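Asks:
Number of protein chains: 2
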Amino acid sequence: MHEKVTLKHIADDTGLSISTVSRALSQTGKISSENKKIVFESAHRLNYPLSTSQTPVELRSSINIALVTRHYTGEFYASLFEGFDQSTVGTKVTMNLTSVSHRSKPTLQIISDLRNSQYDAAVIFLPEFKAADYMELLEFAPSNLPIVSIAPIANPVMDTVTFDNYRGGYLVANHFEERGYKNLGIIQGPIKQSEAMLRKSGFLDYIHASDNLNLVWQFNGDYSFRKGKEAYEDFRQADKKPDAIFCSNDGMTLGFMHSAIRDGVHIPGDVAVAGFDDLPTCELYTPTITSVHTPYDMLGKKTIELIFNRLKQNTEVQHSGYTSLVPVSLSLRESSTELTNVFQNYYQRTT
Amino acid sequence: MHEKVTLKHIADDTGLSISTVSRALSQTGKISSENKKIVFESAHRLNYPLSTSQTPVELRSSINIALVTRHYTGEFYASLFEGFDQSTVGTKVTMNLTSVSHRSKPTLQIISDLRNSQYDAAVIFLPEFKAADYMELLEFAPSNLPIVSIAPIANPVMDTVTFDNYRGGYLVANHFEERGYKNLGIIQGPIKQSEAMLRKSGFLDYIHASDNLNLVWQFNGDYSFRKGKEAYEDFRQADKKPDAIFCSNDGMTLGFMHSAIRDGVHIPGDVAVAGFDDLPTCELYTPTITSVHTPYDMLGKKTIELIFNRLKQNTEVQHSGYTSLVPVSLSLRESSTELTNVFQNYYQRTT
DNA sequence: AATTTAGTGAAAAAATTTTGCACATTCACT
DNA sequence: AGTGAATGTGCAAAATTTTTTCACTAAATT
Numbered sequence: 000m001h002e003k004v005t006l007k008h009i010a011d012d013t014g015l016s017i018s019t020v021s022r023a024l025s026q027t028g029k030i031s032s033e034n035k036k037i038v039f040e041s042a043h044r045l046n047y048p049l050s051t052s053q054t055p056v057e058l059r060s061s062i063n064i065a066l067v068t069r070h071y072t073g074e075f076y077a078s079l080f081e082g083f084d085q086s087t088v089g090t091k092v093t094m095n096l097t098s099v100s101h102r103s104k105p106t107l108q109i110i111s112d113l114r115n116s117q118y119d120a121a122v123i124f125l126p127e128f129k130a131a132d133y134m135e136l137l138e139f140a141p142s143n144l145p146i147v148s149i150a151p152i153a154n155p156v157m158d159t160v161t162f163d164n165y166r167g168g169y170l171v172a173n174h175f176e177e178r179g180y181k182n183l184g185i186i187q188g189p190i191k192q193s194e195a196m197l198r199k200s201g202f203l204d205y206i207h208a209s210d211n212l213n214l215v216w217q218f219n220g221d222y223s224f225r226k227g228k229e230a231y232e233d234f235r236q237a238d239k240k241p242d243a244i245f246c247s248n249d250g251m252t253l254g255f256m257h258s259a260i261r262d263g264v265h266i267p268g269d270v271a272v273a274g275f276d277d278l279p280t281c282e283l284y285t286p287t288i289t290s291v292h293t294p295y296d297m298l299g300k301k302t303i304e305l306i307f308n309r310l311k312q313n314t315e316v317q318h319s320g321y322t323s324l325v326p327v328s329l330s331l332r333e334s335s336t337e338l339t340n341v342f343q344n345y346y347q348r349t350t
Numbered sequence: 000m001h002e003k004v005t006l007k008h009i010a011d012d013t014g015l016s017i018s019t020v021s022r023a024l025s026q027t028g029k030i031s032s033e034n035k036k037i038v039f040e041s042a043h044r045l046n047y048p049l050s051t052s053q054t055p056v057e058l059r060s061s062i063n064i065a066l067v068t069r070h071y072t073g074e075f076y077a078s079l080f081e082g083f084d085q086s087t088v089g090t091k092v093t094m095n096l097t098s099v100s101h102r103s104k105p106t107l108q109i110i111s112d113l114r115n116s117q118y119d120a121a122v123i124f125l126p127e128f129k130a131a132d133y134m135e136l137l138e139f140a141p142s143n144l145p146i147v148s149i150a151p152i153a154n155p156v157m158d159t160v161t162f163d164n165y166r167g168g169y170l171v172a173n174h175f176e177e178r179g180y181k182n183l184g185i186i187q188g189p190i191k192q193s194e195a196m197l198r199k200s201g202f203l204d205y206i207h208a209s210d211n212l213n214l215v216w217q218f219n220g221d222y223s224f225r226k227g228k229e230a231y232e233d234f235r236q237a238d239k240k241p242d243a244i245f246c247s248n249d250g251m252t253l254g255f256m257h258s259a260i261r262d263g264v265h266i267p268g269d270v271a272v273a274g275f276d277d278l279p280t281c282e283l284y285t286p287t288i289t290s291v292h293t294p295y296d297m298l299g300k301k302t303i304e305l306i307f308n309r310l311k312q313n314t315e316v317q318h319s320g321y322t323s324l325v326p327v328s329l330s331l332r333e334s335s336t337e338l339t340n341v342f343q344n345y346y347q348r349t350t
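Just so you know, the protein sequences line up as chains A and B, in that order.
Numbering that gives the first Met the number 0 numbers the first residue of the first sequence as 0 and each following residue consecutively.
Numbering that gives the first Met the number 0 numbers the first residue of the second sequence as 0 and each following residue consecutively.
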């Protein structure tokens with residue numbers, strides 16, 4: 000058991016007087032910013048008990064931000080967190096991943112999580128949340144805790160930083176047109192999720208504005224690998240087959256391709272495919288997969304920037320519905336471009 | 000700015016006297032465990048400044064454990080963290096991911112990270128660490144902080160929980176023998192890393208003990224996707240080609256297969272392949288990939304269990320070289336089993 | 001050169017926490 | 001049922017810790 004740490008210890012440690020240390024920590028009276036910094040540093044090092052948020056943001060040794068999300072499996076989730084983690088490199092920010100259970104009512108759990116712990120801010124990613132859910136969350140959340148959502152909704156009630164999903168769909172359609180595909184298809188995401196609808200709208204709006212393009216097939220998906228496989232079954236039996244398909248996320252892209260390839264379908268020979276998320280696997284799969292690239296590190300940086308601004312203001316947080324869109328791009332790969340000759344071997348070999 | 004929180008606030012909040020509250024928090028004198036619990040709960044809720052580790056483990060609202068690792072890319076890293084995260088569901092443990100930069104001297108950075116923050120324990124995953132590095136780490140680490148490594152080394156100096164890497168290699172060789180493969184090959188991991196050598200030894204020991212098997216090809220890898228591709232180039236030019244190859248991790252498995260498939264090689268028709276880690280992609284790739292399954296959630300659970308025991312003892316931590324091995328299994332998939340007829344279409348179609 | 005201002009430490013004052021003591025309650029054992 | 005020990009609590013005194021007052025210095029401003 001360690002002895003109790005008092006101002007005297009800090010005074011001895013820093014060579015300053017107790018009075019000065021007191022003034023520094025309670026931030027009253029005259030105190031040089033230089034010494035203030037020294038004192039806080041020493042206080043942290045010696046483990047002097049400071050209540051959360053007593054230390055001003057700029058003097059904190061670390062800022063804890065919770066990334067609250069349901070536990071999504073696999074790569075997408077990993078990329079998201081990795082992006083945030085990347086964006087904190089070299090800063091004093093620590094990202095903490097907090098999983099919200101799939102069972103219980105998420106709102107309450109989030110709140111209690113945030114209250115209990117010493118987080119300075121929260122980023123929430125819950126695409127199935129509606130405006131009402133956000134409202135409820137804000138109502139019970141500690142008022143001095145900045146919260147940012149990274150899932151878009153139609154009528155945002157809290158600050159949101161998200162990818163430009165609409166533009167993603169748009170870029171894919173544009174790419175398909177440039178490659179000369181005419182009859183297009185889409186495997187869409189969950190109807191209830193705003194970002195899935197944005198992806199679709201971007202895609203459809205481009206098609207409708209173009210004279211060359213038609214939408215000839217569509218399938219309602221749910222982002223799962225399994226639904227991608229089901230989509231292929233539907234595609235197989237379709238009367239009018241598309242030349243090129245936009246899958247609203249890479250999970251479904253992989254499912255579709257998995258079934259298609261086993262069924263003897265050549266991609267992109269028989270049908271071209273483009274996905275969304277640009278998971279690491281896209282580059283490793285055979286064929287490599289064209290996908291809308293979502294720069295998670297940029298999302299992370301933008302979000303953290305926003306949070307820092309909020310923290311510095313240090314006023315009661317005004318939650319506005321301000322939305323910031325992070326640009327996306329298209330990573331072109333084999334699945335939607337001409338059959339390159341690297342594949343010729345593979346196909347010819349079995350003759 | 001909130002008013003300073005004192006014992007009086009807690010007393011009012013709990014209905015107890017200031018004395019009782021004082022005794023509860025400082026844990027001196029007579030105090031009922033019931034009230035102690037109430038007081039600590041209230042203190043946390045009201046945000047009374049308590050120095051770290053002042054609250055006894057069993058009364059904490061949350062336990063923070065740092066998972067310290069370099070930033071490994073992609074799925075492996077994700078699976079690792081996901082396993083830990085999974086294993087904390089339903090407990091009051093929070094896992095925090097702390098990335099150690101690739102640049103600076105990691106030991107010092109780890110220490111300062113741990114000192115600064117309010118972690119209760121640390122799990123470190125730094126496969127390139129040697130006994131000397133661990134020693135240095137332990138020397139400077141706070142003495143009351145349990146640290147567990149999840150990377151095996153030859154002479155462990157701190158508690159270690161790790162997968163049974165040796166058995167993994169062994170299982171693969173056994174599987175190859177059962178499938179009737181005779182001439183085997185291996186793409187090994189970094190020579191300097193203990194777990195890579197264990198995987199290799201398990202594989203080779205089985206081969207040497209068997210009358211049917213021979214090692215005819217090997218390649219020194221480094222776990223990277225790129226090295227897997229290089230391994231294929233080497234394989235292509237080899238005089239004596241193996242029927243079946245054990246890749247020491249899935250990153251290299253993917254690299255090897257990526258190049259092989261583009262070069263017209265059929266897997267497992269021409270050569271069978273098995274990997275290590277059982278990344279989610281193994282199930283999604285075409286063909287699906289046989290791989291040694293490492294149950295990360297079990298690793299997480301075991302590790303956290305160990306940490307809890309250490310925390311409860313609450314004595315100065317005795318770092319022993321105790322190693323606990325988590326069992327692995329083999330996930331059989333297409334890449335090492337007979338060419339199933341789902342593939343016939345694909346290969347015949349181009350005739 | 002005089003005067004203001006920022007910043008500091010010593011010591012007094014205020015606030016907070018700990019402890020000694022009295023008292024109540026429970027429980028084990030006659 | 002009665003006794004004594006042990007446990008647990010609150011009040012108030014004591015001890016400790018923190019804040020504030022005040023005097024002083026050095027630098028900046030007029």
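We put the CB at the ideal spot given by N, CA and C, even for glycine.
Small disclaimer: the values here were computed from a predicted structure and weren't measured.
At 8 angstroms on the CB atoms, spell out the chain B contacts of A:Phe224, in chain order.
Replies: Start at 1 with the first residue of the first sequence, and residue 224 of chain A comes out as number 225. Result: Leu283.
Asks: Closer than 7 angstroms by C-beta to B:Asp233: which residues in its own chain qualify, once you throw out the five before and the five after it? Chain order, please.
Replies: Within the second sequence, numbered from 1, the residue matching residue 233 of chain B stands at position 234. Within the same chain, B:Asp233 has close Cβ partners Phe218.
Asks: Measuring only the C-alpha atoms, how far is A:Phe39 from A:Lys228?
Replies: Numbered from its first residue, the first sequence carries residue 39 of chain A at position 40. Numbered from its first residue, the first sequence carries residue 228 of chain A at position 229. For A:Phe39 and A:Lys228, the distance between alpha carbons rounds to 57 angstroms.
Asks: Mind checking whether A:Leu212 and A:Leu170 have CB atoms under 8 angstroms apart?
Replies: Taking the first residue of the first sequence as position 1, residue 212 of chain A is located at position 213. Taking the first residue of the first sequence as position 1, residue 170 of chain A is located at position 171. No, Cβ-Cβ distance for A:Leu212 and A:Leu170 is not below 8 angstroms.
Asks: For A:Pro257 and chain B, any beta-carbon pair shorter than 8 angstroms?
Replies: Taking the first sequence and counting its residues from 1, the one referred to as residue 257 of chain A is at position 258. The sequence given here places His at residue 257 of chain A; Pro does not occur at that position. Yes, A:His257 lies at the interface with chain B (some Cβ there is under 8 angstroms from its Cβ).
Asks: At a CB distance below 9 angstroms, what residues from the stretch 43–57 of chain B approach chain A? Give them in sequence order.
Replies: His43, Arg44, Asn46, Tyr47, Pro48, Leu49, Ser50, Thr51, Ser52 and Gln53
Asks: Just list the beta strand (DSSP E) runs in the stretch 278–325 of chain B, keeping only unbroken ones of 3 residues or longer that don't cross its boundaries, in chain order.
Replies: 289–292 and 322–325
Asks: Hey, is A:Val4's beta-carbon within less than 8 angstroms of any beta-carbon in chain B?
Replies: The residue you call residue 4 of chain A lines up with position 5 of the first sequence. Chain B contact via Cβ: present.
Asks: Examine the Cβ distances between the stretch 287–304 of chain B and the stretch 323–333 of chain B and report whether three or more of them are shorter than 8 angstroms.
Replies: A contact is defined here as three or more CB-CB pairs under 8 angstroms, and the stretch 287–304 of chain B meets this definition with respect to the stretch 323–333 of chain B.
Asks: So B:Asn95 contacts chain A; which residues on that side make the cut at Cβ distance below 7 angstroms?
Replies: Residue numbering aside, residue 95 of chain B sits at position 96 when the second sequence is read from its first letter. By Cβ distance, chain A contributes Thr93 and Asn95.
Asks: Would you please verify whether the beta carbon of B:Leu331 is less than 8 angstroms from any beta carbon of chain A?
Replies: Locating residue 331 of chain B in the second sequence gives position 332, where the first residue counts as 1. For B:Leu331, the answer is no, since every Cβ of chain A falls outside 8 angstroms of its Cβ.
Asks: By how many angstroms is the C-alpha of A:Asn143 removed from the C-alpha of B:Leu6?
Replies: Along the second sequence, read from residue 1 onward, the residue named residue 6 of chain B stands at position 7. Along the first sequence, read from residue 1 onward, the residue named residue 143 of chain A stands at position 144. Straight-line Cα distance between these residues: approximately 23 angstroms.
Asks: Below 8 angstroms on the Cβ atoms is my guess for A:Pro48 versus B:Leu49; work out the distance and round it to an integer in Å.
Replies: Within the first sequence, numbered from 1, the residue matching residue 48 of chain A stands at position 49. Within the second sequence, numbered from 1, the residue matching residue 49 of chain B stands at position 50. With 8 angstroms as the limit, A:Pro48 and B:Leu49 qualify as a contact, their Cβ atoms being about 6 angstroms apart.
Asks: Who are the near neighbours of B:Leu298 in its chain, counting only those whose CB is closer than 7 angstroms to its CB and skipping five residues on each side?
Replies: The residue labelled residue 298 of chain B in the question sits at position 299 within the second sequence. Once the five neighbours on either side are set aside, the close Cβ partners of B:Leu298 are Gly82, Ile149, Val160, Phe162 and Val325.
Asks: Return the bridge partner residues of B:Gly362 from the DSSP annotation.
Replies: With chain B covering 0 to 350 only, the question about residue 362 of chain B has no answer from this structure.
Asks: Is the CB-CB distance between A:Asn46 and A:Asp119 below 8 angstroms?
Replies: In the first sequence, counting from the first residue as 1, residue 46 of chain A sits at position 47. In the first sequence, counting from the first residue as 1, residue 119 of chain A sits at position 120. Not in contact: A:Asn46 and A:Asp119 (Cβ atoms no closer than 8 angstroms).
Asks: Which partner residues does A:Phe175 have in the DSSP bridge list?
Replies: By 1-based counting over the first sequence, the position of residue 175 of chain A is 176. In the DSSP output, where bridge partners are listed per residue, A:Phe175 has none listed.
Asks: Would you please verify whether the beta carbon of B:Leu183 is less than 8 angstroms from any beta carbon of chain A?
Replies: Indexing the second sequence from 1 puts residue 183 of chain B at position 184. So, not an interface residue.
Asks: Find out if the Cβ-Cβ distance for the pair B:Gly167, B:Gly220 is shorter than 8 angstroms.
Replies: As a working mapping, residue 167 of chain B is identified with position 168 in the second sequence. As a working mapping, residue 220 of chain B is identified with position 221 in the second sequence. Contact flag unset, no.
Asks: Could you name the residues of chain B that A:Thr289 contacts, counting a contact when the two beta carbons are closer than 9 angstroms?
Replies: Mapped onto the first sequence, residue 289 of chain A falls at position 290. Under the 9 angstroms cutoff, chain B gives no residues; its nearest Cβ is about 16 angstroms from A:Thr289.
Asks: Output needed for A:Asp11: all residues of its chain with C-beta closer than 6 angstroms, excluding positions within five of it in sequence on either side, in chain order.
Replies: Mapped onto the first sequence, residue 11 of chain A falls at position 12. Counting only Cβ-Cβ distances below 6 angstroms, and skipping sequence neighbours, we find nothing.
Asks: What does B:Leu253 touch in chain A if you count any residue whose Cβ is under 8 angstroms from its own?
Replies: As a working note, residue 253 of chain B is residue 254 in the second sequence. Neighbours of B:Leu253 on chain A, chain order: Leu283.
Asks: Going by the beta-carbon positions, is the gap between B:Ala130 and B:Ile146 smaller than 8 angstroms?
Replies: On the second sequence, position 131 is the one that residue 130 of chain B refers to. On the second sequence, position 147 is the one that residue 146 of chain B refers to. For B:Ala130 and B:Ile146, no; Cβs fall outside 8 angstroms.
Asks: Taking only the alpha-carbon atoms, compute the straight-line gap between A:Asp84 and B:Ser31 and give it to the nearest angstrom.
Replies: Stepping through the first sequence from its first residue, residue 84 of chain A is reached at position 85. Stepping through the second sequence from its first residue, residue 31 of chain B is reached at position 32. So the alpha carbons of these two residues sit roughly 44 angstroms apart.
Asks: Can you look up A:Met0 in the DSSP assignment and give me helix, strand or coil?
Replies: Within the first sequence, residue 0 of chain A is the residue found at index 1, counting from 1. At A:Met0, the pLDDT of 47 sits below 50, so the modelled position is not reliable; the number obtained from the coordinates is stated separately. The answer is coil: DSSP assigns A:Met0 none of H, G, I, E or B.
Asks: Is the beta carbon of A:Ile186 closer than 8 angstroms to that of A:Ser247?
Replies: Indexing the first sequence from 1 puts residue 247 of chain A at position 248. Indexing the first sequence from 1 puts residue 186 of chain A at position 187. Their beta carbons are under 8 angstroms apart, which means A:Ser247 touches A:Ile186 by this criterion.
Asks: Could you check whether A:Met157 and A:Leu125 sit closer than 8 angstroms to each other, using their CB atoms as the reference points?
Replies: Taking the first residue of the first sequence as position 1, residue 125 of chain A is located at position 126. Taking the first residue of the first sequence as position 1, residue 157 of chain A is located at position 158. Against a cut-off of 8 angstroms, the Cβ pair of A:Met157 and A:Leu125 comes out as no contact.
Asks: Classify A:Ala153 as helix, strand or coil using the three-state DSSP reduction.
Replies: Translated into positions along the first sequence, residue 153 of chain A becomes position 154. Correct three-state label for A:Ala153: coil.
Asks: Does B:Ala208 come out as helix, strand or coil in the three-state DSSP assignment?
Replies: As a position in the second sequence, residue 208 of chain B is number 209, starting the count at 1. In this structure, B:Ala208 counts as helix in the three-state DSSP scheme.
Asks: Under 8 angstroms by Cβ, that's how I've got A:Ala243 and A:Ala271 pegged, so tell me the actual separation to the nearest angstrom.
Replies: Working through the first sequence from its first residue, we reach residue 243 of chain A at position 244. Working through the first sequence from its first residue, we reach residue 271 of chain A at position 272. Yes, they are in contact, since the Cβ atoms of A:Ala243 and A:Ala271 sit about 4 angstroms apart, within 8 angstroms.
Asks: Should B:Val88 go down as buried or exposed, given a rule of 16 or more other Cβ atoms within 10 Å for buried?
Replies: Sequence index remark: in the second sequence, residue 88 of chain B carries index 89 (1-based). Counting C-beta atoms within 10 angstroms of its own C-beta, B:Val88 has fewer than 16 neighbours from the protein chains shown and is therefore classed as exposed.
Asks: Would you say B:Lys7 faces chain A, with C-beta separation under 8 angstroms as the test?
Replies: Here residue 7 of chain B refers to the residue found at position 8 when the second sequence is read from its first residue. Not an interface residue.
Asks: How would you write the range of the alpha helix (DSSP H) that A:Ser328 sits in, first residue to last?
Replies: Position 329 of the first sequence, counting from 1, holds the residue named residue 328 of chain A. Here A:Ser328 belongs to no alpha helix (DSSP H); instead the beta strand (DSSP E) covers Ser328 to Ser330.
Asks: Determine the DSSP secondary structure at B:Thr252, reduced to helix, strand or coil.
Replies: To locate residue 252 of chain B, count along the second sequence from 1; it is residue 253. Here B:Thr252 sits in helix by DSSP.
Asks: What in chain B is Cβ-close to A:Thr27, meaning under 8 angstroms?
Replies: Here residue 27 of chain A refers to the residue found at position 28 of the first sequence. Per Cβ cutoff of 8 angstroms: no residues; A:Thr27 is ~11 angstroms from chain B at best.
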